[in-house]
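Novice: Sharing a structure below in structure tokens format, with a few things to ask.
Pasting the structure below:
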């Protein structure tokens with residue numbers, strides 16, 4: 001069974017642009033978070049139960065992004081998520097964002113997130129279900 | 001001692017405009033909420049302690065707004081808050097929003113908020129400290 | 001041919017809740033706007049071309065909302081859009097928002113929007129294509 | 001004349017937390033942008049005129065961030081902005097974010113922004129007024 005990137009689509013909303021007429025840069029990070037949440041839907045109860053019932057979260061410890069081209073209202077993006085590394089508690093996620101209509105690469109974003117007990121706000125070892133799910137998206 | 005409106009100032013942020021180049025209408029409601037929060041700073045511990053320690057909140061039950069003129073990036077607004085009515089659990093707040101540079105009236109917003117026990121999410125009777133503070137902003 | 005409400009679905013995002021742990025009230029207005037935009041997708045080029053190429057927008061002149069129940073992270077909503085009135089330049093849209101899992105009514109929102117020339121920011125008479133599309137969603 | 005960091009203060013808003021009860025990570029990038037905008041207020045007409053009248057912007061080309069501690073509703077932050085490098089068109093800005101009540105370091109953010117003609121969306125050489133202002137914030 002071959003590993004595959006997780007794919008996510010987002011349509012730029014009317015309120016996601018800024019006074020320069022292009023998508024506000026901070027919006028990209030939210031889309032990447034939402035792509036991660038969608039990828040975790042395969043967990044029992046999804047990301048929602050992870051947070052609300054198991055009191056586990058995946059806050060960002062490190063973020064980096066390169067922006068190559070602006071997006072405008074009316075654009076859609078495809079986000080391809082791959083898992084670069086699974087650590088003791090941390091996961092490195094790579095998001096490649098391209099404009100849907102012409103596959104232009106618009107941004108590359110990397111999130112290092114840490115599995116965290118939300119009550120104590122402390123890192124916890126990766127759970128088995130998360131590790132299995134994440135491993136499916138490690139490129140070969 | 002004469003009642004007086006509470007005054008709040010907001011500078012339009014770069015990311016508060018939309019694809020039409022004017023401030024996105026939903027932003028106004030957030031500013032009004034922030035003006036209410038600032039008005040409640042006079043409570044011991046302010047709005048923050050009300051929510052985080054006393055587990056009380058003021059969610060909106062009813063909102064209405066009339067928009068008279070668009071705002072753009074670079075504009076500032078003055079918001080004048082008055083209390084129209086204090087009920088058993090509810091408060092009716094009136095927000096008059098004007099553009100700072102020329103006092104142009106840009107919107108009138110009314111929020112009916114309900115003092116709510118956030119754990120049970122049920123209305124609770126108005127507390128004395130809130131009633132006293134709110135009464136200061138009822139026009140004569 | 002019978003008129004029908006337009007239906008739109010939204011899944012509450014991780015960042016749409018507030019410090020009280022429920023969806024921030026101002027988010028509902030954005031969802032209603034997005035539902036309107038989706039309804040207008042049937043126009044040639046959709047809402048996007050209306051704004052970007054025809055330089056026409058539908059800013060809100062009046063908004064009112066009643067909130068009946070809180071939403072939490074993990075909830076999804078169904079929004080049913082109907083057109084209450086088509087005026088010379090204005091349209092009154094009614095949004096009934098219910099929680100997907102149990103059809104609980106969570107909010108009713110009404111937007112009066114005005115067809116506006118975005119360059120001059122002046123009302124313009126309703127266009128034929130908009131009038132025809134909107135009329136499909138007037139309840140009988 | 002000694003160079004000095006630019007200082008900016010932000011109070012966490014009610015709607016800036018997420019379903020994990022802490023400030024949503026993407027909010028930090030917006031605060032840094034706002035700190036940059038405030039730093040540019042010293043330009044004639046400020047950041048607003050730069051964008052609206054001179055049609056110049058400073059979109060991000062690269063962003064990186066390390067998050068050290070969570071923030072909650074009720075927290076305030078101090079942001080210290082320094083200029084690490086001024087290039088032909090680009091500027092590297094370093095933002096050190098600390099919690100106001102105890103000076104706890106909560107995040108370090110770096111933005112590489114590029115002076116851009118917003119009509120053509122192309123880099124342009126740094127203007128003199130920007131270069132002079134930015135140079136004031138290069139640490140010695």
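Residue numbers (the numbering used here), protein chains in the order written: chain L, 1 to 140; chain H, 1 to 140; chain E, 1 to 140; chain C, 1 to 140.
We put the beta carbon where it would ideally sit given N, CA and C, even for glycine.
(1) Leaving aside the five residues before and after residue 89/E along the sequence, list all residues of the same chain whose C-beta is less than 7 Å from its C-beta, in chain order.
(2) Can you name the start and end residues of the alpha helix (DSSP H) that residue 132/E belongs to?
(3) To the nearest angstrom, how far is it from the Cα of residue 58/C to the Cα of residue 69/C?
(4) If residue 93/H sits next to residue 110/H, beta carbons under 8 Å apart, how far is it from one beta carbon to the other, in whole angstroms?
(5) I think residue 107/C touches residue 65/C, with their Cβ atoms under 8 Å apart; what is that distance to the nearest whole Å?
(6) Of all the alpha helix (DSSP H) runs that stay within the bounds of the stretch 13-78 of chain E, which reach a length of 4 or more residues?
(7) With distances taken Cα to Cα, identify the nearest neighbour of residue 158/C among 8/L, 45/L, 33/L and 20/L.
(8) Beta-carbon within less than 8 Å of residue 16/E's beta-carbon, same chain only, minus the 5 sequence neighbours each way: which residues are those?
(9) The beta strand (DSSP E) that contains residue 97/C, what's its start and end?
(10) If residue 137/E and residue 82/E are in contact, beta carbons under 8 Å, what's the gap, nearest whole angstrom?
(11) Would the beta-carbon of residue 60/E be found less than 6 Å away from any heavy atom of the ligand NAD?
(12) Rounded to the nearest angstrom, what separates residue 61/H and residue 67/E at their Cα positions?
(13) Give the single residue among 77/H, 139/H and 135/H whose Cα lies nearest to the Cα of residue 42/H.
(14) DSSP beta-bridge partners for residue 138/E?
(15) For chain C, is any of its Cβ atoms less than 7 Å away from the one on residue 52/H?
(16) Looking at residue 96/E: is its Cβ nearer than 7 Å to the Cβ of residue 75/E?
(17) Reducing DSSP to helix, strand and coil, say where residue 121/H ends up.
(18) Taking a Cβ distance cut-off of 9 Å, strictly less, list which residues of the stretch 62-93 of chain H are near chain E, in chain order.
(19) Would you please verify whether the beta carbon of residue 26/L is less than 7 Å from any beta carbon of chain C?
(20) Any residues in the stretch 94-127 of chain C with a beta carbon nearer than 7 Å to a beta carbon of chain L? Which ones, in chain order?
(21) Beta-carbon within less than 8 Å of residue 129/E's beta-carbon, same chain only, minus the 5 sequence neighbours each way: which residues are those?
(22) For residue 34/L, go through chain E and note every residue whose CB falls closer than 7 Å to its CB, in chain order.
(23) Bridge partners of residue 105/L, per DSSP?
(24) Can you check DSSP and say which residues form a bridge with residue 80/H?
(25) Quick one: measure Cβ to Cβ for residue 35/H and residue 79/H, integer angstroms, because I've assumed they're closer than 8 Å.
(26) Interface residues of chain H around residue 38/E at Cβ under 9 Å?
(27) Anything in chain E within Cβ reach of residue 17/C, meaning under 8 Å, just list it in chain order.
Specialist: This is what the structure gives:
(1) Excluding sequence neighbours, residue 89/E sits near 114, 115, 123, 124, 125 and 126.
(2) Counting along the chain, the alpha helix (DSSP H) containing residue 132/E begins and ends at 128-135.
(3) Their Cα atoms are separated by approximately 28 Å.
(4) Their Cβ separation, rounded to whole angstroms, is 7 Å, which keeps residue 93/H and residue 110/H in contact under 8 Å.
(5) Residue 107/C to residue 65/C, Cβ: 6 Å. Contact.
(6) Fully enclosed alpha helix (DSSP H) runs of 4 or longer: 26-39 and 46-52.
(7) Shown here, chain C extends from 1 to 140; a query on residue 158/C therefore has no answer.
(8) Hits under 8 Å: 23, 24, 27 and 73.
(9) Counting along the chain, the beta strand (DSSP E) containing residue 97/C begins and ends at 90-99.
(10) Here residue 137/E really is in contact with residue 82/E; their C-beta atoms are around 5 Å apart, less than 8 Å.
(11) Of ligands this structure carries none, so the ligand NAD is not represented either.
(12) For residue 61/H and residue 67/E, the gap between their C-alpha atoms comes out near 5 Å.
(13) The shortest C-alpha separation from residue 42/H is found at 135/H.
(14) Note: residue 138/E is not bridge-paired with any residue in the DSSP secondary-structure output.
(15) At a cut-off of 7 Å between beta carbons, residue 52/H contacts chain C.
(16) No, the Cβ-Cβ distance between residue 96/E and residue 75/E is not below 7 Å.
(17) For residue 121/H, the secondary structure class from DSSP, reduced to helix, strand or coil, is coil.
(18) Answer in chain order: 62, 63, 64, 65, 66, 67, 68, 69 and 70.
(19) Taking CB atoms only, residue 26/L has a neighbour in chain C less than 7 Å away.
(20) When CB distances to chain L are screened at a threshold of 7 Å, the residues of the stretch 94-127 of chain C falling below it are 118 and 121, in chain order.
(21) Non-local C-beta neighbours of residue 129/E in its own chain, meaning closer than 8 Å and more than five positions away in sequence, comprise 43 and 44, ordered along the chain.
(22) In chain order: 13.
(23) Looking at the DSSP output, residue 105/L sits in a beta bridge with 98/L.
(24) Listed as beta-bridge partners of residue 80/H by DSSP are 7/H and 96/H.
(25) Contact between residue 35/H and residue 79/H holds: CB atoms are separated by about 5 Å, below the 8 Å threshold.
(26) Result: empty, since nearest Cβ-Cβ is about 15 Å, beyond 9 Å.
(27) The answer, in chain order, is 17, 18 and 19.
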